[in-house]
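**Student:**
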Amino acid sequence: MNHPSSPPATVAILQLGRLGDMILTTPLFRAVKECWPGAALTVIALEHSALIAQHHPSVDAVVSVPFGILQLPTLARRLHRKSFDLYIDPKDHRSSTSRVVAEFIRAKHRVGCRANGGRETFDQTFEPPDQPLHYVDRMLRPLQLLHPERSFARRPLLGVPTESLRVADGQMLPGEHGAIAINISAGSTSRHWGLEHWEELIDEVSKKYSVAVISSPEDRHHADAICSTSRQARPVTTNTILDAAAIVARSRAVVSPDTSIVHIASAFNRPVVGLYPPNHGNLATFGPLSDRQAVLMPAPEAELSTIPFRQVVEGLGKVMAERQ
């Protein structure tokens, strides 16, 4: 096996995925520094998820690119004068972008998936997984290829700016029993639980806890309306994903559909109730990693909105009871 001839002084990792993908790649950043503490780590990321890498304690530099047709030309231009001792692309399925980047990046040693190039492209390759693996484990496979004798921590790690924590403290109601963060937003309709359910849940939870309601900008008016009748629930403003992470960090537990918020809860090991569509392969890949968790899923082929609100209340009670 063709290992790097010496410990790399410079390492680059390609991660052009969504926010959740970037969060779940952070264990790889940490693992690189565990293997080579003196190496300078550069992460290549999309502009909308670059903030996560920029604030990660293991990352020394970030090269960010836009999404869309300008992605590859921009990346080629920004990498033109850069070279690395080790280049890692953890993507484990066929990708034309992965193949193109691997061919033009200047690196002494390249590691990537065999589906995106053979020996003419990569010095070491790994096969696509033959069974469902959690996304964290998939991202760690290149390091396990290079260091099969080692094991690496799976929990995501986020660096949250002090200012984000200060703003979170100013927005959240402390409450006698602490705050529960409830995220009412999700990108795809398959992950929508329904406003009436969220309203019922927040009304019930706020009888004991204060509630910080996280939402997308598009759903902020819904959060405002839901909280308008409760003295214990408050909508919070999160201008960045790390602002949302600060809210989660200051909360006792989290309730969310299958979104980045679940992965943020995993990073801070907060008890979490995750509402997932009826897709067990998706759950195996993107399930929560918190020690205390409850995953709720509707019947096969059913909508997420068929999950009863009382079942979510019970799930929250379960993960909170485990914490006592």
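Per my numbering, the very first residue in the sequence shown carries number -7; after that it's consecutive.
Quick reminder that beta carbons are idealized off the backbone N, C-alpha and C, glycines included.
Does DSSP classify ASN108 as helix, strand or coil?
**Tutor:** Position 116 of the sequence shown, counted from the start, is the residue given in the question as residue 108. Note: ASN108 maps to helix in three-state DSSP.
**Student:** To the nearest angstrom, how far is the alpha carbon of LEU6 from that of LEU187?
**Tutor:** Position 14 of the sequence shown holds residue 6. Position 195 of the sequence shown holds residue 187. Going by the C-alpha atoms only, they are around 37 Å apart.
**Student:** With a 10 Å radius around its C-beta and 16 neighbouring C-beta atoms as the bar for buried, classify SER88 as buried or exposed.
**Tutor:** Working through the sequence shown from its first residue, we reach residue 88 at position 96. With fewer than 16 Cβ atoms within 10 Å of its Cβ, SER88 is classed as exposed.
**Student:** Relative to the C-alpha of ILE218, which residue among THR230, VAL197, CYS27 is closest?
**Tutor:** Sequence index remark: in the sequence shown, residue 218 carries index 226 (1-based). Nearest of THR230, VAL197, CYS27 to ILE218, Cα basis: VAL197.
**Student:** Quick one: using the 10 Å Cβ neighbour count with 16 as the cut-off for buried, is ILE253 buried or exposed?
**Tutor:** Looking up residue 253 in the sequence shown gives position 261. Under this definition ILE253 is a buried residue.
**Student:** On the three-state DSSP scale, how would you describe TYR127?
**Tutor:** Residue numbering aside, residue 127 sits at position 135 when the sequence shown is read from its first letter. Three-state result, TYR127: helix.
**Student:** Where do the ends of the alpha helix (DSSP H) carrying SER248 lie?
**Tutor:** By 1-based counting over the sequence shown, the position of residue 248 is 256. Element bounds for SER248: not the alpha helix (DSSP H) but the beta strand (DSSP E), 245 to 249.
**Student:** So what's ALA294 in DSSP terms, helix, strand or just coil?
**Tutor:** Sequence index remark: in the sequence shown, residue 294 carries index 302 (1-based). In this structure, ALA294 counts as coil in the three-state DSSP scheme.
**Student:** Can you give the beta carbon distance from GLN116 to LEU137, rounded, assuming they're within the 8 Å contact cut?
**Tutor:** Your numbering for residue 116 matches position 124 in the sequence shown. Your numbering for residue 137 matches position 145 in the sequence shown. Contact flag correct, Cβ pair sits at about 6 Å.
**Student:** If we ignore side chains and look at the alpha-carbon of each, how far apart do MET(-7) and ASP211 end up?
**Tutor:** Along the sequence shown, read from residue 1 onward, the residue named residue -7 stands at position 1. Along the sequence shown, read from residue 1 onward, the residue named residue 211 stands at position 219. In this prediction, MET(-7) scores a pLDDT of 47, lower than 50, which makes its location untrustworthy; the coordinate-derived value is nonetheless stated afterwards. Approximately 52 Å, taken between the alpha carbons.
**Student:** Closer than 8 Å by C-beta to SER156: which residues in its own chain qualify, once you throw out the five before and the five after it? Chain order, please.
**Tutor:** Within the sequence shown, the letter at position 164 stands for residue 156. Answer for SER156: THR232, LEU234, ASP235, ALA237, ALA238, listed in chain order.
**Student:** Kindly give me the distance between the Cβ atoms of ALA241 and VAL152, rounded to whole angstroms, as I take these residues to be in contact under 8 Å.
**Tutor:** Along the sequence shown, one-based indexing puts residue 241 at 249. Along the sequence shown, one-based indexing puts residue 152 at 160. Contact flag correct, Cβ pair sits at about 6 Å.
**Student:** Does DSSP put MET(-7) in a helix, a strand or coil?
**Tutor:** Within the sequence shown, residue -7 is the residue found at index 1, counting from 1. Unreliable positioning characterises MET(-7) in this predicted model, as indicated by a pLDDT of 47, which lies under 50. A coordinate reading is not provided.
**Student:** List the DSSP bridge partners of ARG101.
**Tutor:** In the sequence shown, the residue the question calls residue 101 occupies position 109. Rather than Arg, the amino acid found at residue 101 in this sequence is His. In DSSP, HIS101 forms a bridge with LEU78.
**Student:** Quick one: Cα of LEU296 to Cα of LEU71, how far?
**Tutor:** Translated into the one-based positions of the sequence shown, residue 296 becomes position 304. Translated into the one-based positions of the sequence shown, residue 71 becomes position 79. If I take the Cα positions, the gap works out to 43 Å.
**Student:** Reducing DSSP to helix, strand and coil, say where PRO65 ends up.
**Tutor:** Mapped onto the sequence shown, residue 65 falls at position 73. Helix.
**Student:** Where do the ends of the beta strand (DSSP E) carrying ASN175 lie?
**Tutor:** In the sequence shown, counting from the first residue as 1, residue 175 sits at position 183. Its beta strand (DSSP E) spans residues 171 to 175.
**Student:** For ALA286, which residues in the same chain have their Cβ closer than 7 Å to its Cβ, ignoring the five residues on either side in sequence?
**Tutor:** In the sequence shown, the residue the question calls residue 286 occupies position 294. Closer than 7 Å at the Cβ level, and outside the excluded window around ALA286, lie VAL265, GLY307, LYS310, VAL311.
**Student:** Secondary structure at LEU38, three-state DSSP: helix, strand or coil?
**Tutor:** On the sequence shown, position 46 is the one that residue 38 refers to. Looking at LEU38 - three-state DSSP - the assignment turns out to be strand.
**Student:** Would DSSP call SER56 helix, strand or coil?
**Tutor:** As a position in the sequence shown, residue 56 is number 64, starting the count at 1. The answer is strand: DSSP assigns SER56 an E or B state.
**Student:** Have a look at ALA45, ASN175, LEU20 and flag the residue whose alpha-carbon is nearest the alpha-carbon of GLU191.
**Tutor:** Translated into the one-based positions of the sequence shown, residue 191 becomes position 199. When only C-alpha atoms are compared, the closest one is ASN175.
**Student:** Can you name, in chain order, every residue of its own chain whose Cβ lies under 7 Å from the Cβ of ALA107, other than the five neighbours on each side?
**Tutor:** Numbered from 1 along the sequence shown, position 115 holds the residue referred to as residue 107. Cβ within range, chain order: HIS85, ARG86, PRO120.
**Student:** Who does ARG183 pair with in a DSSP beta bridge?
**Tutor:** As a position in the sequence shown, residue 183 is number 191, starting the count at 1. In the DSSP output, where bridge partners are listed per residue, ARG183 has none listed.
**Student:** Compute the minimum distance between the beta carbon of LEU33 and the heavy atoms of the ligand ADP, and state whether it is under 7 Å.
**Tutor:** For the ligand ADP, the structure offers nothing, since it holds no ligand at all.
**Student:** Check whether the Cβ of PHE278 lies closer than 8 Å to any Cβ atom in chain B.
**Tutor:** Among the chains of the structure shown, chain B does not appear; only one protein chain is present.
**Student:** Inspect the CB distances between the region 138 to 145 and the region 21 to 31 and report whether three or more fall short of 8 Å.
**Tutor:** The answer is yes - the region 21 to 31 touches the region 138 to 145, with three or more Cβ pairs under 8 Å.
**Student:** Where MET131 and VAL55 are concerned, what is the direct C-alpha to C-alpha distance, given to the nearest angstrom?
**Tutor:** Taking the sequence shown and counting its residues from 1, the one referred to as residue 131 is at position 139. Taking the sequence shown and counting its residues from 1, the one referred to as residue 55 is at position 63. If I take the Cα positions, the gap works out to 19 Å.
**Student:** Check whether the Cβ atoms of SER177 and PRO269 lie closer than 8 Å to each other.
**Tutor:** Taking the sequence shown and counting its residues from 1, the one referred to as residue 177 is at position 185. Taking the sequence shown and counting its residues from 1, the one referred to as residue 269 is at position 277. Their beta carbons are not under 8 Å apart, which means SER177 does not touch PRO269 by this criterion.
**Student:** With DSSP as the reference, please indicate the residues paired to VAL264 in a beta bridge.
**Tutor:** Here residue 264 is taken as the residue at index 272 of the sequence shown, counted from 1. The partner list for VAL264 (beta bridge, DSSP) reads VAL246, GLN285.
**Student:** Whose C-beta lies closer than 7 Å to the C-beta of LEU43 among residues of the same chain, with five residues either side of it excluded?
**Tutor:** The count along the sequence shown starts at 1 and reaches residue 43 at position 51. Result list for LEU43: THR232, ILE233, LEU234, in chain order.
**Student:** Skipping 5 residues on each side, what residues in its chain have a beta carbon closer than 6 Å to that of ARG91?
**Tutor:** Translated into the one-based positions of the sequence shown, residue 91 becomes position 99. Around ARG91: ASN108, GLY109.
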